[in-house]
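A short worksheet on the structure shown next.
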Amino acid sequence: MAAAPMRPAVWVLVILLVADGTAVLAESSASAGAFLGKTSDGVVDIDETDILSEILPLLGKKQHGIVERMERIESLVRPTFKALPKNEYGRLGSSAVRYAMHRYFVQRHAWFVKGLEPEGAAWNNSSPVNVLVELQGLPSPMHNIFELRLGSRGLDLHEVAAMATVVENLVHKEAVAHLSHAYRLMEWSSQAPLTQQDALQLLDAYMANLILAQNLGNESLQDQRKLNQQIEEIYPTWPDTQKFVRDVFRKTAPRRDNVTFTEMVHVVEEIGENYGHWQDAECGTLQQDLLELEDRDTGRVRLGDFYSAALHHGKWQFSESTAYLRQLGALDESDPANLRVMIPNYINSHSNCVAASNYYSACCHNLCEAILGRVEQHLAAPEAPAAAVAVA
Numbered sequence: 012m013a014a015a016p017m018r019p020a021v022w023v024l025v026i027l028l029v030a031d032g033t034a035v036l037a038e039s040s041a042s043a044g045a046f047l048g049k050t051s052d053g054v055v056d057i058d059e060t061d062i063l064s065e066i067l068p069l070l071g072k073k074q075h076g077i078v079e080r081m082e083r084i085e086s087l088v089r090p091t092f093k094a095l096p097k098n099e100y101g102r103l104g105s106s107a108v109r110y111a112m113h114r115y116f117v118q119r120h121a122w123f124v125k126g127l128e129p130e131g132a133a134w135n136n137s138s139p140v141n142v143l144v145e146l147q148g149l150p151s152p153m154h155n156i157f158e159l160r161l162g163s164r165g166l167d168l169h170e171v172a173a174m175a176t177v178v179e180n181l182v183h184k185e186a187v188a189h190l191s192h193a194y195r196l197m198e199w200s201s202q203a204p205l206t207q208q209d210a211l212q213l214l215d216a217y218m219a220n221l222i223l224a225q226n227l228g229n230e231s232l233q234d235q236r237k238l239n240q241q242i243e244e245i246y247p248t249w250p251d252t253q254k255f256v257r258d259v260f261r262k263t264a265p266r267r268d269n270v271t272f273t274e275m276v277h278v279v280e281e282i283g284e285n286y287g288h289w290q291d292a293e294c295g296t297l298q299q300d301l302l303e304l305e306d307r308d309t310g311r312v313r314l315g316d317f318y319s320a321a322l323h324h325g326k327w328q329f330s331e332s333t334a335y336l337r338q339l340g341a342l343d344e345s346d347p348a349n350l351r352v353m354i355p356n357y358i359n360s361h362s363n364c365v366a367a368s369n370y371y372s373a374c375c376h377n378l379c380e381a382i383l384g385r386v387e388q389h390l391a392a393p394e395a396p397a398a399a400v401a402v403a
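Each number in the numbering used here corresponds to the 1-based position in the sequence shown with 11 added.
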């Protein structure tokens, strides 16, 4: 059987964890201040006012339960925070904040937030605040609040949780906007309650446009009806997606034929919270299909067998061109006469992601994330003896 799927960058990290005498996450920062985000030009004094009081007025209407949500996020981020190297103020610099944010969103939602994932072999030193600005939706005052703190002394656990809360708020606002568009698309008023049947029809429109990344501003009811007829051909696992949506609806929506817009908002929030983890089940099936085609326990599939599965056995996913497989880093060309697809690289490539949001994609889980989680939980420090790492 092939090795568990890992991206190359994480392979390097795991090898360093086991092989080096003392290095854990600190080894990835051996290039010094870049990972720590230290500044050598002095420290800017900032107001010690709790960051929550600063961001609350900027979060708009979505403030209910914000304190509880931040406490939940802090609890989940704490093991990662403890395991990361700190600067002289006991806080995280830019790269460490990006890493902590990435780990939280993958662990909690299976969201791969755009710009927070590693680039190449490591997280670079670009500001996570600037990443969020580039994704749009972050108000300028909010940018200033985080950038001032990050640039002066770095972020503590509470402030990292606040930043994660802001991202979740942006995703929520986007989901509401997409839901509102679905109402307009179906030519229904958001002021009028829906029957259970109409609510499910609305959710089908919502999910179809989400999965296929349609331009929500350029569609009509006629376009949606056409999409409904074609979607199973375009996206063969659509019936499974419908079942997932209906399961969420049954657990979340009221058991009556008067489903309000507010209640539908709650349903799509739950869909967003759980879609990434649910979608990963498809990745498990994908991996099993590839392992059945594996070439002699090498973790690779002969290119001819890869395409044959698509042409003759209904494995529609295996349709990437040779050039695209090469671009993904999933093509083994060590023997030009026997090109092969590398299973871990293919599973974890962007071709298997669903662009479920302008802010994140739902991708196949990298099994190394769970390994890193156990190491962080067990060690709770940026450095440890090799013996401690080995038993983590």
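Each residue gets a CB set at the ideal place from its N, CA and C atoms; glycine is no exception.
Subject >> Close beta carbons around Gly53, own chain, < 6 Å, minus the five adjacent residues each side >> reply: Residue placement at Gly53 cannot be trusted, given a pLDDT of 44 that sits under 50; what the coordinates show is reported in the next sentence. Hits under 6 Å: none found.
Original post:
Is DSSP giving Tyr335 helix, strand or coil here?
Top reply: Helix.
Original post:
Could you check where the alpha helix (DSSP H) with Val278 kicks off and where it finishes?
Top reply: First-last of the alpha helix (DSSP H) with Val278: Phe272 to Glu303.
Subject >> Proximity winner among Val124, Glu293 and Arg195, relative to Leu146 (alpha-carbon distances) >> reply: When each option's Cα is compared against that of Leu146, the closest is Val124.
**OP:** Would you check if the distance between the CB atom of Val312 and the CB atom of Leu190 is smaller than 8 Å?
**Re:** Result no, Cβ atoms of Val312 and Leu190 do not sit closer than 8 Å.
Original post:
Mapping DSSP to helix, strand and coil, what is Met353?
Top reply: Looking at Met353 - three-state DSSP - the assignment turns out to be strand.
Original post:
Taking DSSP as the reference, what is the three-state secondary structure of Phe123?
Top reply: Strand, per DSSP.
Original post:
If you check the beta carbons only, do Ser360 and Leu383 fall under 8 Å apart?
Top reply: Result no, Cβ atoms of Ser360 and Leu383 do not sit closer than 8 Å.
Original post:
Mind checking Tyr286: buried by the 16 CB within 10 Å criterion, or exposed?
Top reply: Classification for Tyr286: buried.
Original post:
Hey, is the stretch 105-120 in contact with the stretch 368-384, meaning 3+ C-beta pairs nearer than 8 Å?
Top reply: Judged by Cβ distances under 8 Å, the stretch 105-120 makes contact with the stretch 368-384, as three or more pairs qualify.
Original post:
Where does Tyr115 fall in DSSP's three states?
Top reply: If DSSP states are grouped into helix, strand and coil, Tyr115 belongs with the helices.
**OP:** Would you mind stating whether Trp327 and Ala321 have Cβ atoms separated by less than 8 Å?
**Re:** For Trp327 and Ala321, yes; Cβs fall inside 8 Å.
Original post:
Are at least three pairs of beta-carbons, each pair with one atom in the stretch 266-276 and one in the stretch 94-106, less than 8 Å apart?
Top reply: The stretch 266-276 is not in contact with the stretch 94-106.
Original post:
When the Cβ atoms of the stretch 74-88 are set against those of the stretch 167-180, are three or more pairs found closer than 8 Å?
Top reply: At 8 Å Cβ cutoff, the stretches touch.
**OP:** Verify whether the separation of the beta carbon atoms of Ala94 and Ala392 is less than 8 Å.
**Re:** By the CB criterion at 8 Å, Ala94 and Ala392 fall inside the cutoff.
Original post:
alpha helix (DSSP H) containing Val144: first to last residue?
Top reply: Looking at the DSSP string, the run of the alpha helix (DSSP H) that includes Val144 is Pro139 to Glu145.
**OP:** Flag Asp306 as yes when its Cβ comes closer than 7 Å to any non-hydrogen atom of the ligand FAD, and as no otherwise.
**Re:** Of ligands this structure carries none, so the ligand FAD is not represented either.
Original post:
Taking C-alpha atoms, which residue in Phe255, Ile156, Glu331 and Leu213 lies nearest to Leu314?
Top reply: The residue with the shortest Cα to Cα distance from Leu314 is Glu331.
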